[in-house]
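Numbering (the UniProt record's numbering), first residue to last: 1 to 478. Ideal Cβ placement from N, Cα and C applies to all residues, glycine included. One structure is given here, and the rest of the page talks about it.
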């Protein structure tokens with residue numbers, strides 16, 4: 001092969017992952033098959049001096065699945081995440097933040113609107129329960145046609161008087177029902193927020209994957225072009241070109257899959273927020289922000305004190321207690337009073353009437369409703385204990401998953417990832433010095449790529465569990 005003089009250098013890549021390709025090169029000696037040991041078809045390996053193929057192989061390694069651009073990957077966890085394809089230092093942090101999506105969800109989600117309507121209904125019932133009976137105005141005519149007279153005509157006014165303070169007690173029953181509905185409204189809000197936070201974390205990770213996948217495609221295509229130039233110059237064999245072609249196609253497939261997954265995750269986020277579609281803006285947020293350890297006792301005490309599920313159960317108990325008082329008060333009958341005035345047309349005499357009626361509680365003393373109310377108190381008391389135990393169980397599960405994911409995230413981010421980066425840098429220098437081969441460099445780079453993805457996944461898992469804890473462990477299937 002003829003000698004080609006060195007000339008300019010073309011820069012390709014990102015930061016320490018940037019690799020140089022010499023556009024003109026010195027002569028490269030490639031061993032002939034006769035100089036090699038026999039190679040089977042199933043174990044085909046191109047044996048070329050690593051120093052010779054430094055550019056083609058390193059570029060292909062970057063295209064293989066990159067994501068290893070150092071500055072890009074550091075920005076995943078040291079600053080806000082965005083889907084912009086420009087370098088992180090030039091990205092303006094504009095787009096959909098978690099708080100903006102939460103605000104849209106609280107304003108538009110039908111589950112919250114449904115719960116608010118129930119609160120309004122219960123509030124109206126509380127008002128209605130305290131209203132007294134309306135008076136009854138009655139006209140009556142008797143003995144019409146008797147002795148050819150027009151009879152007796154009278155006007156009567158009657159009023160039912162509620163005894164035993166039953167109106168106030170009934171109003172308290174409905175007031176506590178309204179309080180229970182308000183707690184359920186808070187539960188609906190927290191459930192929506194929990195789903196939004198979980199979906200937002202998944203969408204942020206999918207967005208980062210899609211961003212990285214697009215950059216992988218760019219580098220893969222540049223690598224393929226570089227290998228094509230080397231193949232045209234007869235400095236590499238067709239095997240290298242075929243491998244670069246395969247890597248480029250795999251990168252395109254990965255990018256397409258990442259884009260599809262991102263669209264799906266954005267759809268899930270839109271549904272969680274109660275929207276048909278999300279605005280087209282990129283998501284902005286730091287998935288690793290605020291991931292800190294919290295003592296179990298602190299979490300349990302806070303959730304027990306503030307959980308709307310406990311509040312709702314307490315309101316149900318108070319409602320049952322007031323229902324028992326109402327059932328007991330209903331044993332005392334109401335009194336109906338009546339007064340009237342009339343005229344006897346046959347004598348032109350006027351007359352007045354007065355009446356009082358009281359039901360006699362001889363057989364029905366509301367015994368059944370009283371027994372039912374006492375059973376409701378026992379049920380509501382047991383429901384409070386059951387809710388506390390359920391909260392503790394869900395807290396234990398969520399806190400356990402959170403601690404595991406948080407520990408995994410920290411170990412990967414603080415120990416494994418720096419080691420993988422250092423290993424790659426040393427391997428890259430060794431490859432450029434001809435001390436290692438392309439396959440080893442490719443393996444190490446893939447390890448670094450997978451490690452960074454593992455860091456992302458661990459952070460997402462921790463954020464999912466944190467969202468459940470922040471939502472006071474409201475169930476997600478509501």
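- Cβ-Cβ distances below 6 Å link residue 252 to 217 in the same chain, with the five nearest sequence neighbours on each side left out; the list follows chain order.
- If you draw a 10 Å sphere on the C-beta of residue 468, you find 16 or more other C-beta atoms in it, and that means buried.
- Excluding five sequence positions before and after residue 160, the CB atoms of its chain that fall closer than 6 Å to its own CB belong to 133, 334 and 336, given in chain order.
- Relative to residue 138, the option among 417, 339, 151 and 411 whose CA is nearest is 339.
- Looking from the CA of residue 122, the closest CA among 191, 230, 435 and 179 belongs to 179.
- The beta carbon of residue 381 sits closer than 7 Å to those of 317, all from its chain and outside the five residues before and after it, given in chain order.
- The three-state secondary structure of residue 356, taken from DSSP, is strand.
- Residue 363 counts as exposed, since fewer than 16 other beta carbons sit within 10 angstroms of its beta carbon.
- The DSSP assignment places 152 to 161 as complete runs of the beta strand (DSSP E) inside the stretch 139 to 172, in order along the chain (cut-off: 3 residues).
- When the beta-carbon positions are compared, residue 459 and residue 288 come within less than 8 Å of each other.
- In the displayed model, residue 291 falls within coil according to three-state DSSP, outside both helix and strand.
- Cβ contact annotation for residue 323 (same chain, cutoff 7 Å, sequence separation greater than five): 173, 373 and 376, in chain order.
- Per DSSP, residue 281 is not a residue of any beta strand (DSSP E), being assigned neither H nor E.
- Residue 383 is a Cβ neighbour of residue 313, given a cutoff of 8 Å.
- In the DSSP assignment, no residue is bridged to residue 218.
- Here residue 150 has 144 and 345 as same chain residues with Cβ atoms under 7 Å from its own Cβ, once five neighbours each way along the sequence are excluded.
- Per the coordinates, the alpha-carbon of residue 446 lies some 10 Å from the alpha-carbon of residue 440.
- Taking C-beta atoms as the reference points, residue 168 and residue 107 fail to come closer than 8 Å.
- Partner residues in the beta bridge of residue 351, as assigned by DSSP, are 342.
- Spanning the alpha carbons of residue 192 and residue 272 requires a straight line of approximately 7 Å.
- Around the C-beta of residue 110, fewer than 16 other C-beta atoms lie within 10 Å, and the residue is accordingly described as exposed.
- Bridge partners of residue 96 according to DSSP: 283.
- Under a 10 Å Cβ-count criterion, residue 265 is classified as buried, with 16 or more other Cβ atoms of the shown protein chains found around its own Cβ.
- Nearest in C-alpha terms to residue 200, of all of 433, 98, 421 and 330, is 98.
- In the structure shown, the three-state DSSP call for residue 336 is strand.
- Comparing C-alpha distances from residue 368 to each of 224, 420, 330 and 342 shows the shortest one belongs to 330.
- About 34 Å separates the beta carbons of residue 181 and residue 136, which is beyond the 8 Å limit, so they are not a contact pair.
- Residue 270 places its beta carbon 8 Å or farther from that of residue 214.
- Taking a contact as a CB-CB distance under 8 Å, the pair residue 248 and residue 224 counts as one, their CB atoms being some 5 Å apart.
- Apart from sequence neighbours up to five positions away, the residues of its chain that approach residue 304 with a beta-carbon distance below 8 Å are 310, 388 and 391, ordered along the chain.
- Beta-bridge partners of residue 137 (DSSP): 157.
- Annotated three-state conformation of residue 330 is coil, per DSSP.
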